[in-house]
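Down below is the structure, laid out as structure tokens.
In the numbering used here, the protein residues as written are 68 to 198.
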């Protein structure tokens, strides 16, 4: 009875090897290399961010400007700058609007400037237009 268990375990352990061969060694190596490159990229980015943080701590200087933009639209196609479809204006459908849409473009900008550990500028502003 005890001899049957190792055979089952060995068969289960061998199954992944067969799948690896079926997919091909080239595919496996490409995936492995892609993972290595992705890891290297993450390490490089983390080192860069850590170096930047150390510089800020050492000098007390930091400046950044970030802008966030968003478009909210109803029945609007950017490529044609027109409505996507017509809309009925009454229940009977006799009156229709051929170019009815709503569109809002908005952006918010944040500005932060710190020199020698002192806040020089903190500003936020917004812009937008609607059609």
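Note that beta-carbon positions come from the ideal geometry of N, C-alpha and C, so glycine has one too.
Distance from the Cα of residue 192 is smallest, within the candidate group 134, 156, 149, 172, for 134. Contact annotation, residue 174 with residue 146: C-beta distance approximately 21 Å; criterion of less than 8 Å not satisfied.
Sequence-distant Cβ neighbours of residue 130 in its own chain, meaning closer than 6 Å and more than five residues away, are 180. The alpha carbon of residue 123 has as its nearest neighbour, out of 157, 182, 113, 177, the alpha carbon of 182.
In the same chain as residue 167, and ignoring 5 residues on each side of it, the C-beta atoms closer than 7 Å to its own belong to 142, 150, 154, in chain order. Going by beta carbons, residue 184 and residue 127 fall inside the 8 Å limit. In terms of Cα proximity to residue 148, the closest of 171, 194, 108 is 171.
The C-beta separation of residue 188 from residue 198 comes to about 33 Å, leaving the pair out of contact by the 8 Å criterion. Residue 165 has its alpha-carbon roughly 25 Å from the corresponding atom of residue 195.
A straight-line Cα-Cα distance of about 6 Å links residue 169 and residue 140.
For residue 196, the uninterrupted beta strand (DSSP E) segment begins and ends at 185-197.
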